[in-house]
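Read top to bottom, the protein sequences are chains A and B.
This note's numbering numbers the first residue of the first sequence as 1214 and each following residue consecutively.
This note's numbering numbers the first residue of the second sequence as 1214 and each following residue consecutively.
Protein chains: 2
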Amino acid sequence: MQRYFTITQLTQEFDVTTRTLRFYEAQGLVTPTRRGRQRLYTPGDRTRIKLILRGKRLGFSLNEIKEMIEMYGSSPGESGQLRLLLDKIAARRSELAEKQRDIELTLLELDEVEAGAMVRMSELAGRTRAEEA
Amino acid sequence: MQRYFTITQLTQEFDVTTRTLRFYEAQGLVTPTRRGRQRLYTPGDRTRIKLILRGKRLGFSLNEIKEMIEMYGSSPGESGQLRLLLDKIAARRSELAEKQRDIELTLLELDEVEAGAMVRMSELAGRTRAEEA
DNA sequence: AGATGAGTTGACTTTAACGTAAAAACACTG
DNA sequence: CAGTGTTTTTACGTTAAAGTCAACTCATCT
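1) For B/Leu1253, write down the residues that DSSP places opposite it in a beta bridge.
2) Out of B/Thr1224, B/Arg1248, B/Met1281, B/Ser1292, which has the shortest C-alpha to C-alpha gap to B/Lys1301?
3) When you compare the CB of B/Glu1283 with every CB in chain A, is at least one pair closer than 8 Å?
4) Helix, strand or coil for A/Phe1218 per DSSP?
5) Counting only Cβ-Cβ distances shorter than 8 Å, please list the residues of the stretch 1308 to 1322 of chain B near chain A, keeping chain order.
6) Going along the chain, which residues of the stretch 1327 to 1346 of chain B sit with their C-beta nearer than 9 Å to a C-beta in chain A?
7) So, helix, strand or coil for A/Leu1271, using DSSP?
8) For the structure I just gave you, are there three or more beta carbon pairs, one from the stretch 1307 to 1316 of chain B and one from the stretch 1310 to 1320 of chain A, closer than 8 Å?
9) The alpha helix (DSSP H) spanning A/Arg1238 covers which residue range?
10) I think B/Gly1272 touches A/Arg1270, with their Cβ atoms under 8 Å apart; what is that distance to the nearest whole Å?
11) Please say whether B/Ser1292 and A/Leu1242 have beta carbons closer to each other than 8 Å?
12) Pick out whichever of A/Asp1324, A/Arg1305, A/Leu1297, A/Ala1304 has its Cα sitting closest to the Cα of B/Arg1305.
13) Could you pull out every residue in the same chain whose Cβ sits closer than 8 Å to the Cβ of B/Leu1266, ignoring the five residues on either side in sequence?
14) Which residues of the stretch 1264 to 1277 of chain B have a Cβ closer than 7 Å to any Cβ of chain A? Give them in chain order.
15) Could you tell me the distance, in whole angstroms, from the CA atom of A/Tyr1237 to the CA atom of A/Asn1276?
16) Taking only beta-carbon positions, decide if B/Ile1220 is within less than 8 Å of chain A.
17) Alpha carbon to alpha carbon, how far is A/Gln1251 from A/Asp1258?
18) Examine chain A for any beta-carbon lying closer than 8 Å to the beta-carbon of B/Leu1253, and answer yes or no.
19) Is the CB of B/Arg1261 under 8 Å away from at least one CB in chain A?
20) Report buried or exposed for A/Gly1268, applying the criterion of at least 16 other Cβ atoms within 10 angstroms of its Cβ.
21) At a Cβ threshold of 8 Å, is B/Arg1306 touching chain A?
22) Please return the same chain residues whose Cβ sits closer than 6 Å to the Cβ of B/Gln1240, not counting the five positions on each side in sequence.
23) Would you mind stating whether B/Ala1330 and A/Leu1297 have Cβ atoms separated by less than 8 Å?
24) Tell me whether B/Asp1228 sits in a helix, a strand or coil according to DSSP, three-state version.
25) Using 8 Å as the threshold, is the C-beta distance between A/Met1284 and B/Val1326 below it?
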């Protein structure tokens, strides 16, 4: 049961460079503790990195990702801030829903392209058999 | 029934700048015809622009998008090329599937954040009623 | 003819997200 | 204790995807 991860452990696990992790730190996306100069990443830091990379795969910018991550930790005491938080959540949800639709459409189009390719494939096979005969 | 779109029509419809559309053209992503110097976009060009923007929303780079768009138009006559095409399709599909999973996870987390916020909200409401009494 | 407005080209600038290289600090290993 | 490997800081470079600005063309309106 390991309490801390070194930077290289994480770069290997997530296939990123140290430069990348330090950059994320400079942007305030993670804040590993230090033993002397050395960075020590907690399991919590590791989770945040996972969130960051997931956000990137979905095409969010680091700034957007930062906002989302901050939503996770925040528990605003004031009702106005709570409303703002709920609004942000709703906004993100509809963005994600749009991405879902985009994916569905793209998958459908891939189906069509593939179907076309299969047809061509069988045409080729037929021609080959004909030539063999 | 309009055969052509001007560049500004499309910038308004898709909320992009002319610079953007010209840039996409320079990258070979669209190739509007010309009347003199002026660009004329066909409905087909318009569709391609839609595809580009959809790709961007999903976090694909313009190069990746170009590859995908070229897949659509391609009908390779040779079986090796066909295999390559099918492989690319499969690769894209799994990428998209990963994005779908990423979205699901993110949505679940948003649910949690929202639930937390609702709890806080009702706490605040309770306190307010208590103070009124 | 002059002004107005849409469109074009070309060049330079910007921003995000890192890459790369240099120099120095530590930790161990023979 | 010299050498080796890992990590750190600092600083400059790079790439993708446009933004911005200037000068120009062309058609149209007055």
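Idealized CB from N, CA, C, for every residue including glycine.
Everything numeric in this text was worked out from a predicted model, so none of it was measured.
A quick look at the data gives this:
1) B/Thr1246
2) B/Met1281
3) no
4) strand
5) Leu1309, Glu1311, Lys1312, Gln1313, Asp1315, Ile1316, Leu1318, Thr1319, Leu1320, Glu1322
6) Glu1327, Gly1329, Ala1330, Met1331, Arg1333, Met1334, Leu1337, Ala1338, Thr1341
7) coil
8) yes
9) For clarity, residue 1238 of chain A is Glu in the given sequence; the question names Arg instead. Here the alpha helix (DSSP H) through A/Glu1238 covers 1231 to 1239.
10) 7 Å
11) no
12) A/Asp1324
13) Phe1227, Val1229
14) Arg1267, Arg1270, Leu1271, Gly1272
15) 10 Å
16) no
17) 15 Å
18) no
19) no
20) buried
21) yes
22) Leu1275
23) no
24) coil
25) yes
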